[in-house]
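Residue numbers for the sequence shown follow numbering that gives the first Met the number 0, so the first one is 0 and each next one is one higher.
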Amino acid sequence: MARTRPHATGLHDLLQSLTAPPCLPPPGPANIEVDVLTAIGQLVRCDVAGFNDLAPPLRREWAQSNTLPDDFVPARSYGDELDFWDVYPTSSCSYPDRTGDYESVTTISDFYSLREWRQTPMYLCLRQELAFDREIQLPLPGPPGHFRRILLIRIEGRDFDDNDRAILALLRPHILAYLHAQDLAGRGSAPLTTRQRQLMALVARGFSNAQLARSLGISSDTVRTHLQQIYARLGVNSRGEAVALISPPSAPSVTRFEPAMSAI
Numbered sequence: 000m001a002r003t004r005p006h007a008t009g010l011h012d013l014l015q016s017l018t019a020p021p022c023l024p025p026p027g028p029a030n031i032e033v034d035v036l037t038a039i040g041q042l043v044r045c046d047v048a049g050f051n052d053l054a055p056p057l058r059r060e061w062a063q064s065n066t067l068p069d070d071f072v073p074a075r076s077y078g079d080e081l082d083f084w085d086v087y088p089t090s091s092c093s094y095p096d097r098t099g100d101y102e103s104v105t106t107i108s109d110f111y112s113l114r115e116w117r118q119t120p121m122y123l124c125l126r127q128e129l130a131f132d133r134e135i136q137l138p139l140p141g142p143p144g145h146f147r148r149i150l151l152i153r154i155e156g157r158d159f160d161d162n163d164r165a166i167l168a169l170l171r172p173h174i175l176a177y178l179h180a181q182d183l184a185g186r187g188s189a190p191l192t193t194r195q196r197q198l199m200a201l202v203a204r205g206f207s208n209a210q211l212a213r214s215l216g217i218s219s220d221t222v223r224t225h226l227q228q229i230y231a232r233l234g235v236n237s238r239g240e241a242v243a244l245i246s247p248p249s250a251p252s253v254t255r256f257e258p259a260m261s262a263i
């Protein structure tokens with residue numbers, strides 16, 4: 000199979016959908032629409048693309064979505080079922096939560112050979128619904144108590160490579176902003192317009208009102224008006240509070256994962 004080469008039009012359309020002014024459903028758990036996951040799965044070729052937001056201490060999911068067909072049913076039953084929450088803490092997919100490393104994009108083969116993977120409790124648990132050999136995980140920092148990730152699955156065949164990792168890393172800040180807009184809506188904050196988000200991006204970089212006016216080609220009075228409208232939308236009283244609120248969660252600084260070399 001040829002190496003993944005992102006299609007420029009597909010990448011542009013995906014970024015547009017992630018950064019456009021949000022048209023959000025009623026407040027609820029942040030989630031990623033199936034159309035967005037489908038587009039990601041076209042950039043990084045896979046059989047299934049999914050998103051989940053886990054609460055392991057509560058043994059529940061805040062939200063999840065995937066590109067499995069609506070009529071999907073598990074192909075086989077394996078008798079005694081393993082509980083996902085029992086095997087999750089020691090699995091490769093819990094690596095970001097255990098270590099705080101939300102920077103590294105990891106694959107199953109970073110942790111196990113194919114033979115080892117098929118013997119893990121997590122594989123035996125997941126095969127009750129869908130057995131697969133290849134997975135790549137994009138961790139996404141979230142609010143406290145939320146453990147978010149995008150998972151791309153290939154049932155079998157060629158593994159994900161460094162090019163696939165790079166594409167997902169490129170998408171991460173846009174996906175974080177997309178989810179954060181929903182988090183704000185869930186708190187009752189009205190979404191910012193494109194112009195307001197452009198202005199706040201400069202405010203976050205430390206621009207003064209005069210610098211904002213020059214950069215955006217508007218008057219200082221218009222800048223002040225924009226800022227007051229932004230404060231009202233977000234329910235804050237200062238630019239510092241506004242920046243803190245609109246900034247997506249960021250990962251703490253940790254030592255990045257170094258994949259172990261193993262025969263697959």
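Where a beta carbon is used, it is the ideal one built from N, C-alpha and C, also for glycine.
Owing to the predicted nature of the structure, the values given are computational and were not obtained by experimental measurement.
Own chain, CB closer than 7 Å to residue i, minus 5 neighbours either side, in chain order
i      : result
Ile229 : Leu191, Gln195, Met199 and Ala241
Val222 : Asn208, Leu211 and Ala212
Run of the alpha helix (DSSP H) containing residue i, from where it starts to where it stops
i      : result
Ile166 : Asp161 to Gly185
Glu240 : Arg238 to Ile245
Arg194 : Thr193 to Ala203
Arg114 : Leu113 to Trp116
Residue i: first and last residue of the uninterrupted beta strand (DSSP E) it sits in
i      : result
Asp52  : Val47 to Ala54
Pro138 : Arg133 to Leu139
Leu151 : Phe146 to Arg153
Residues near residue i by beta carbon distance below 6 Å, same chain, minus five either side
i      : result
Met121 : Val86 and Ser90
Asp96  : Phe146
Trp116 : Ile107 and Tyr122
Tyr177 : Leu17
Arg164 : Val104
Cys124 : Leu81, Phe83 and Val86
Alpha-carbon to alpha-carbon, residue j and residue i
i      : j      : result
Leu42  : Gly9   : 7 Å
Gly144 : Ser218 : 43 Å
Pro28  : Asp46  : 26 Å
Gly239 : Val202 : 9 Å
Leu13  : Ile174 : 10 Å
Arg58  : Pro138 : 19 Å
Ile166 : His11  : 13 Å
Thr37  : Ala48  : 7 Å
Cys92  : Phe159 : 15 Å
Pro247 : Ala168 : 15 Å
Ala262 : Phe71  : Because Ala262 sits at a pLDDT of 39, beneath the cut-off of 50, its placement in the model cannot be relied upon, and the following sentence gives the value as read from the coordinates. Spanning the two alpha carbons is a distance of roughly 33 Å.
Phe131 : Ile152 : 7 Å
Backbone secondary structure at residue i - three-state DSSP
i      : result
Gln228 : helix
Ser108 : helix
Phe217 : Before going further, note that residue 217 is Ile rather than Phe in the sequence given. Of the three classes helix, strand and coil, the one that applies to Ile217 here is coil, per DSSP.
Glu60  : strand
Asn30  : coil
Close-in-space but distant-in-sequence residues of the same chain around residue i (CB under 8 Å, 5 per side omitted)
i      : result
Leu244 : Leu183, Ser188, Leu233 and Val235
Ala54  : Glu60, Trp61, Gly144, His145 and Phe146
Ser273 : Nothing can be reported for residue 273: it is not among the residues displayed for the chain, which extend from 0 to 263.
Thr66  : Val33, Leu36, Thr37, Gly40, Val47, Ala48 and Gly49
Sequence ranges, alpha helix (DSSP H) only - wholly within the segment 79-105, length at least 4: When DSSP assignments are scanned along the segment 79-105, the uninterrupted stretches of alpha helix (DSSP H) that are 4 or more residues long and fall wholly within it turn out to be 83-86 and 94-98.
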